[in-house]
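In our numbering, the protein residues as written are 10 to 125. Written below as C-alpha cells is the structure these notes are about.
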C-alpha cells in the first residue's frame, strides 16, 4: 500500500493523566504537516474528534474523520460526503507508514478516539 509520509515518533495518551482524554500524536517526515494529532475527550466533548496538524491554527473538531490500519499503514480520511480536507494537501485522505512495534498501541487508542 502506498503511503504519503512516515511516522518518525509517536506519542499515545491512553487516559493516564486526563480522565477521558485519548490522543495519538505522530511526528512525520513531511513538512508540512510535521505532526498530526488526533484526540477525543469522552467527558467534555464526546461527540467529536479533534484533529490538529502543523499548527494549532489548523486544528478543528469533526465528526467526519475515519481511520483504517492495513499492515503498517495508517490511513486517515474524511467521509466522501464531507467537504473537509487536510489543509496541506487539499485531499480527503492521508496515509502514514507506522512502525510495527507501535501499531497495537496506536490502534487500541484510535479505537477509543473513534468510538463515537
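Cβ coordinates follow ideal geometry from the N, Cα and C atoms, glycine included.
Beta-bridge pairing of residue i - partner residues as DSSP gives them
| i | result |
| --- | --- |
| residue 60 | 47, 69 |
| residue 12 | Partner(s): none; residue 12 has no beta bridge. |
| residue 19 | 35 |
| residue 86 | 75, 102 |
Among the options, nearest to residue i - alpha-carbon criterion
| i | options | result |
| --- | --- | --- |
| residue 125 | 98, 19, 74 | 74 |
| residue 63 | 23, 44, 48 | 44 |
| residue 32 | 94, 61, 38 | 61 |
| residue 101 | 115, 71, 121 | 71 |
| residue 96 | 113, 88, 67 | 67 |
| residue 110 | 11, 18, 77, 76 | 18 |
| residue 14 | 42, 59, 122, 30 | 42 |
| residue 16 | 56, 84, 55, 65 | 84 |
Residue i, DSSP secondary structure in three states
| i | result |
| --- | --- |
| residue 34 | strand |
| residue 102 | strand |
Inter-residue CB distance, residue i and residue j (contact presumed, cutoff 8 Å)
| i | j | result |
| --- | --- | --- |
| residue 105 | residue 37 | 6 Å |
Residue i CB to nearest heavy atom of the ligand SAH below 7 Å
| i | result |
| --- | --- |
| residue 124 | The ligand content of the structure shown is nil, which means the ligand SAH is not present either. |
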